[in-house]
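Under the working numbering, think of the first position of the sequence shown as 1194, with each following residue one higher.
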Amino acid sequence: MQYFSRKRALLFTSLTHFANDGNFLLFSILIVFFTKLPGVSIAFLGINAIIYNILYGVISLPVGKFADRLNNDRFLLSLGIALEGLAAFFFGFGFIYIGYYAIFIVLGSIALGSGQAFYHPIGASVLSFVYESKDLGKILGINGAFGSLGRALMPSVITFLLLFFGGFKGMEVIAVYVWILSMIIYFGMSGFTRPFKKHKKIRKKESLPKDIKKNLYLALIPIFLKGAFIMGTVTFIAEYIDKITGSTAFTGIILTISLIPAVLGQPLFGYITTIKGGRFTIALTSFFSFLAFILFLATKNIIILTFAYAVLAFLIFTGFSVLLDYTYQLVPKEYYSTAYSLVWGVGNILGGAFGIALMTYFLTFTNVITGMYYMAILLFISLMFLPLLPKSRKHELVT
1194 MQYFSRKRAL LFTSLTHFAN DGNFLLFSIL IVFFTKLPGV SIAFLGINAI IYNILYGVIS
1254 LPVGKFADRL NNDRFLLSLG IALEGLAAFF FGFGFIYIGY YAIFIVLGSI ALGSGQAFYH
1314 PIGASVLSFV YESKDLGKIL GINGAFGSLG RALMPSVITF LLLFFGGFKG MEVIAVYVWI
1374 LSMIIYFGMS GFTRPFKKHK KIRKKESLPK DIKKNLYLAL IPIFLKGAFI MGTVTFIAEY
1434 IDKITGSTAF TGIILTISLI PAVLGQPLFG YITTIKGGRF TIALTSFFSF LAFILFLATK
1494 NIIILTFAYA VLAFLIFTGF SVLLDYTYQL VPKEYYSTAY SLVWGVGNIL GGAFGIALMT
1554 YFLTFTNVIT GMYYMAILLF ISLMFLPLLP KSRKHELVT
């Protein structure tokens, strides 16, 4: 393998993570703006949120397998971000061609879901090939912190761009910004290739062994349910806060403030996962997430509400460092991308699609505030399945 700087790998995968997760709440923010357009129902928007999350989850698995075979990670990373820029481009047209809004929102949802499927399995694999196993949890945490930073900053940026420029121009500014980042990532990762011997072994072992499959499938159940809670609530969180505060601008500010602690949560819980194991960390964050969410729902005081959601964000937006390092603890290195895609795509993201479907169904007969209480019940149910999480196993690394 041609030498590729570890720092450079961390820098440009972190930039990719920043760009990718910066779009994480894009559709959640757009729900607030789209519902103000004539004829646009929140149920229709919920269906589109389901569409992009299903695509995200379903495409993640073949993307992981394809990445293992193609050995061209810089192209795939930049492609994923470029597709997210295309999503912003399509969403923007939904604001000026009102009669065709459904077409543009559907196209945007397809592009967003497809684009979001690339980063997590591939970014984690890139880092796993350039860093030693003992450092991986810490490195994933640092990398995840940049994703959390993007997720924290962009809600306010998106909100104020849309308020200042209007829906169409605001979204096109975002599209251009994302495309520029995509090009920077492509050239920044130039020269990276996976080690040939490792790559060759991956090609020979196309299916997961039965014992590994069993462990991963057991882990998927609580991860699926927690993912359902996270995406079911996050997708409509801007709408919820907008109803509580009555201010779209204030909603963006609250989300940014609340999501800042998650920047620290990624490296902290990545470190805890390395020391104590993923099973312990997932259980810890799940239990305290339930308490924080109950406090969040119980108040209309802006300060307490912001604090409670900040605690919740600190605990739940740790998936990259926790889930992926936990997966590393369950499988040998030659199955990383495939296993990452299964846990992240099928468990976390398809679980998220299920959660959005549930929340969308709730909104057909109740309001977003009551729907959030139903989602609290789902999180409580997920706690009952935590004992299914397999304990970490020691495995031999491929050399």
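Just so you know, even glycine gets a beta-carbon here, dropped at the ideal spot from N, CA and C.
Residue range of the unbroken alpha helix (DSSP H) whose run includes lysine 1200: The residue labelled residue 1200 in the question sits at position 7 within the sequence shown. First-last of the alpha helix (DSSP H) with lysine 1200: 1199-1215.
Pairwise C-alpha distance: aspartate 1266 and leucine 1374: Here residue 1374 is taken as the residue at index 181 of the sequence shown, counted from 1. Here residue 1266 is taken as the residue at index 73 of the sequence shown, counted from 1. Whole-angstrom Cα-Cα distance: 16 Å.
Beta-carbon spacing of isoleucine 1549, methionine 1424 below 8 Å: Looking up residue 1549 in the sequence shown gives position 356. Looking up residue 1424 in the sequence shown gives position 231. The answer is yes: Cβ separation under 8 Å.
Span of the alpha helix (DSSP H) around alanine 1310: Residue 1310 sits at position 117 when you count from the first residue of the sequence shown. Note, alanine 1310: premise wrong, no alpha helix (DSSP H); not H, not E.
First through last residue of the alpha helix (DSSP H) which encompasses phenylalanine 1268: The residue you call residue 1268 lines up with position 75 of the sequence shown. Per DSSP, phenylalanine 1268 belongs to the alpha helix (DSSP H) from 1266-1289.
Residue interval of the alpha helix (DSSP H) (run including glutamate 1325): Reading the sequence shown from its first residue, position 132 is the one you call residue 1325. Where glutamate 1325 is concerned, there is no enclosing alpha helix (DSSP H), given that its DSSP letter is neither H nor E.
Chain-order list of residues whose beta-carbon lies under 6 Å from that of alanine 1455 (same chain, five-residue window excluded): Translated into the one-based positions of the sequence shown, residue 1455 becomes position 262. Correct list, in chain order: Ser1341, Ala1506, Phe1507 and Phe1510.
Beta-carbon proximity check, glycine 1445 vs proline 1348, cutoff 8 Å: As a working mapping, residue 1445 is identified with position 252 in the sequence shown. As a working mapping, residue 1348 is identified with position 155 in the sequence shown. Yes, the Cβ-Cβ distance between glycine 1445 and proline 1348 is below 8 Å.
Span of the alpha helix (DSSP H), counted from its first residue to its last, around tryptophan 1616: Examination of residue 1616 is not possible in this model, given that the chain is present from 1194 through 1592 alone.
Sequence-distant residues of its chain with Cβ nearer than 6 Å to threonine 1531 (five each side left out): Counting from one through the sequence shown, the residue named residue 1531 turns up at place 338. Here the set comprises Gly1257 and Lys1258.
Cβ-heavy atom distance, glycine 1257 to the ligand SAH, below 7 Å: The model on display carries no ligand, and the ligand SAH is accordingly not part of it.
Cutoff 8 Å; reference tyrosine 1410; Cβ partners in own chain excluding five residues on either side: For the purposes of this step, residue 1410 is identified with residue 217 of the sequence shown, where counting begins at 1. Correct list: empty, nothing qualifies.
Reduced DSSP secondary structure (H/G/I, E/B, other) of serine 1440: Taking the sequence shown and counting its residues from 1, one reaches residue 1440 at position 247. In this structure, serine 1440 counts as coil in the three-state DSSP scheme.
Own chain, CB closer than 7 Å to tyrosine 1433, minus 5 neighbours either side, in chain order: One-based indexing of the sequence shown puts residue 1433 at position 240. Contacts found: Val1561, Ile1562 and Met1565.
Residue closest to leucine 1488, alpha-carbon to alpha-carbon, out of Ser1383, Ser1479 and Leu1498: By 1-based counting over the sequence shown, the position of residue 1488 is 295. Of Ser1383, Ser1479 and Leu1498, the residue nearest in Cα terms is Leu1498.
Neighbourhood of arginine 1387 by C-beta distance below 7 Å, restricted to the same chain and skipping five residues each side: Taking the first residue of the sequence shown as position 1, residue 1387 is located at position 194. Same-chain partners within the cutoff: Asn1264 and Phe1322.
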